[in-house]
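Residue numbers (this note's numbering): 3 to 83.
Even for Gly, the Cβ is constructed at its ideal location relative to N, Cα and C.
Note that the coordinates shown come from a computational prediction; the quantities given were computed from them, not determined experimentally.
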Amino acid sequence: AGRVELYSQLAGRVELYSQLAGRVELYSQLAGRVELYSQLAGRVELYSQLAGRVELYSQLAGRVELCSQLAGRVELYSQLA
């Protein structure tokens, strides 16, 4: 009911595309890398995990943030217009 999903698997790549009530998500897994792209009401988020590194990219209303975590170190980059 209003939900659209597309699951794809090819040569080791796994992708799941989901759209429901204005929310768009794309989940991708390839060679140990996991990514999740989410878009809802002007907010864009990208979550990435690879070899112990976790990154979250967020964009909303002109603000850009990147949070990175690796081996106990946490970094946050923020930019606003």
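- A Cβ-Cβ distance of about 7 Å is found for the pair Glu27 and Leu38, placing them in contact under the 8 Å criterion.
- Rounded to whole angstroms, Cys69 and Gly4 show a C-alpha spacing of 32 Å.
- Collapsing the DSSP output to three states places Arg5 in coil.
- Per the C-alpha coordinates, the member of Gln81, Tyr79, Arg35 positioned closest to Arg55 is Arg35.
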